[in-house]
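As given, the protein sequences belong to chains A and B, one line each in that order. No gaps in the numbering here: position 121 of the first sequence is 121 in full-length UniProt numbering, and each next residue is one more. No gaps in the numbering here: position 186 of the second sequence is 186 in full-length UniProt numbering, and each next residue is one more. I have placed the structure first, in the form of C-alpha cells, so that the comments after it can refer back to it.
There are 2 protein chains.
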Amino acid sequence: MARWQPDAGERLRVAALDLFEERGFDQTSVAQIAQRAELTERTFYRHYADKREVLFQGQEQLNDALAAGVAEAPELGPLAVADEVLVRAASFFDDERRPFSRRRQQVIDANPELVERERAKMAHLTDAVAAGFRARGVPDVRAAVAAGTVVSAFQVTFELWVAPAETRDFTVLGRAVVGELRAALSADAAL
Amino acid sequence: MARWQPDAGERLRVAALDLFEERGFDQTSVAQIAQRAELTERTFYRHYADKREVLFQGQEQLNDALAAGVAEAPELGPLAVADEVLVRAASFFDDERRPFSRRRQQVIDANPELVERERAKMAHLTDAVAAGFRARGVPDVRAAVAAGTVVSAFQVTFELWVAPAETRDFTVLGRAVVGELRAALSADAAL
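Rendered as C-alpha cells:
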C-alpha cells in the first residue's frame, strides 16, 4: 500500500461492496469502484487483480492456515482434525469481520458466477486438506473421504456464522458443528 | 423417442462424445453432433435441451435414487446412509456404462464450465441428502454435516470408479470407501 494512500485497499473494498449491493456485481465496474472510493483505477489494480478479487482476497492465506491445522492436529481422526482446522479458521472470522462477511455472502449468493467461484474454492480446500492428510501418512482414499468430512464441517460452520441472526462466535459454532457430527456418527452402530 | 428413429438418443450421445473428444466441447455445435449421428438438429432437441445435457442427462434420476437411499436407510448414521446411497448409485454405474463415464469425465475435466456444472450437481446432491436426513427428523445442522460426509463418500467412490485402470465394480469400491471412512474415524479417540 502506498504511504500517501492509507487504507486504500479497505476504502476500495467498502466502495465495491456498496456498489455490488446497490447495482449488482455484474453492473459494477472497476472505474466506478475507484471513483466511489475517490481513488484511481491504477490504485485499484495495485490492490486487486479484478473486481471479483475484492470478494475473494485472502483465500490463499485461509487455505494455508487450514492446511496447517491438518499438519499440526494432535490426532488424525477427521473430528480431531476438524476441531483443529476450525480453531485456525476462527482467527480469520472474528466479530469485526462478520458484518462484511455477511454482506459479501449476500452478494455472492445473488450471482451464479460468484457461487461457482465459491464452490471452486471449497473444492481446492478439500484437495489441500486431503494433501495434508496424505503428508501425514494417511492413505489416498482415506485422506480423500476424511478431507470431505472436515471441509463439510468447515462449510456448515461458516454458513451458520454468516447467517443473519447468528451471534455465537466462530469457535463456539465450530465446536457445535463437530459435536453434531459426532452425534450423527453415534447412530452408526457399525462404527 | 420416435419409432422410426430407434436409439436416436444413444446415437447422438456417441456422436457428441466423439466430437467433444476430437474438437473439444466448446468447438462442437449441435448441428455437427446431429450431422455426425446422421440425424436432424430437430431430433437432437427432442432428446437434449443443449449439448451440455448430453453429458448431464439422467442426473435428476440419480439424485432421486440417492435421496431414496437416505429415506430408506435402516439407520441414520452417516456411514449406514452412505452404504445405502452407494448401493443405489451402483445401479446407475455398471460396467456397461463405465467406458462412456470415463470418456465423459475426461471431457468434463478438460472444460472449466463443465467442471463447474459438476460441482453444482454435487452441491445440489448434498442439499437433497440433507433434506432426506431432515425428513427423518435429524436436526438441521446435524443433517447438513452428515450429508457432507455421505456425498463425500459418493464422490470419492465415483472418482475411483471412473479412474483409468480401475476394474472393481461400484459396489465393491463403495464398500471400500465407507470402510476407509470408518478406519479414519477410528482414529478419533473422542468419538
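For glycine and all other residues, C-beta sits at the position ideal for the given N, C-alpha and C.
| query | result |
| --- | --- |
| Is it right to say Tyr48 (chain A) is buried, meaning 16 or more other beta carbons lie within 10 angstroms of its own, or is it exposed? | buried |
| Please look up how many angstroms separate the CB atoms of Ala146 (chain B) and Phe133 (chain B), rounded, as I've assumed it's under 8 Å. | 6 Å |
| So the alpha helix (DSSP H) Glu113 (chain B) belongs to, where does it begin and stop? | 112–135 |
| Quick check: what's the CA-CA separation for Val172 (chain B) versus Ala82 (chain A)? | 28 Å |
| Put Ala143 (chain B) into one of helix, strand or coil per three-state DSSP. | helix |
| Expressed to the nearest angstrom, what Euclidean distance is found between the alpha-carbon atoms of Leu181 (chain A) and Glu75 (chain A)? | 17 Å |
| Could you work out which residue in A:Val129, A:Thr126, A:Gln106 is closest to Asp18 (chain A) when comparing CA atoms only? | A:Gln106 |
| If you drop the 5 nearest sequence neighbours on each side, which residues of the same chain put their C-beta closer than 7 Å to that of Val115 (chain A)? | Ile108, Asp109 |
| Alpha carbon to alpha carbon, how far is Glu10 (chain A) from Glu159 (chain B)? | 42 Å |
| Evaluate the contact criterion for the region 61–78 of chain A versus the region 35–53 of chain A: three or more CB pairs, one atom per stretch, below 8 Å. | no |
| Does Arg168 (chain A) pass the burial test, meaning 16 or more other C-beta atoms within 10 Å, or should it be called exposed? | exposed |
| What separation, rounded to the nearest whole angstrom, lies between the Cα atoms of Pro112 (chain B) and Arg102 (chain B)? | 17 Å |
| Contact check, Gln59 (chain A) vs Lys121 (chain A) under 8 Å by CB: the rounded distance? | 6 Å |
| DSSP on Gln27 (chain B), reduced to helix/strand/coil? | coil |
| Have a look at Asp188 (chain B) and Phe154 (chain B) and give me their C-alpha separation to the nearest angstrom. | 22 Å |
| Would you tell me roughly how many angstroms separate the C-alpha atoms of Ala165 (chain A) and Phe100 (chain A), rounded to the nearest one? | 14 Å |
| Along chain B, which residues have their Cβ under 9 Å away from the Cβ of Gly174 (chain A)? | By Cβ distance, chain B contributes nothing, its closest Cβ being about 11 Å from Gly174 (chain A), past 9 Å. |
| Is Arg23 (chain A) close to chain B? Criterion is C-beta to C-beta, closer than 9 Å. | no |
| Measure the alpha-carbon distance for Pro139 (chain A) versus Val30 (chain A) and round it to whole angstroms. | 46 Å |
| Where in the UniProt domain "HTH tetR-type" (6–66) of chain A do unbroken runs of the beta strand (DSSP E), each at least 3 residues long, occur, reported from the N-terminal end onward? | none |
| Using a Cβ-Cβ cutoff of less than 7 Å, which residues in the same chain neighbour Ala25 (chain A) once the five nearest sequence positions on both sides are dropped? | It should be pointed out that residue 25 (chain A) corresponds to Phe in this sequence rather than to Ala. If we look at Phe25 (chain A) and ignore the five residues flanking it on each side, its Cβ neighbours are Val107, Asn111, Leu114. |
| Excluding sequence positions up to five away, which residues of its chain have a Cβ less than 7 Å from the Cβ of Val150 (chain A)? | Pro78, Val81, Ala82, Val85, Val129 |
| Can you check whether the C-beta of Glu53 (chain A) is within less than 9 Å of a C-beta belonging to chain B? | no |
| Please list the residues of the region 149–167 of chain B that have a C-beta atom closer than 8 Å to any C-beta atom in chain A, keeping them in chain order. | Thr149, Val151, Ser152, Ala153, Gln155, Val156, Glu159, Leu160 |
| Just the Cα atoms here: how many angstroms apart are Asp98 (chain A) and Arg13 (chain A)? | Reading off the sequence, residue 98 (chain A) comes out as Arg, not Asp. Each residue's alpha carbon lies about 14 Å from the other. |
| Just to confirm, are Ala73 (chain B) and Phe170 (chain B) a CB contact at a threshold of 9 Å? | no |
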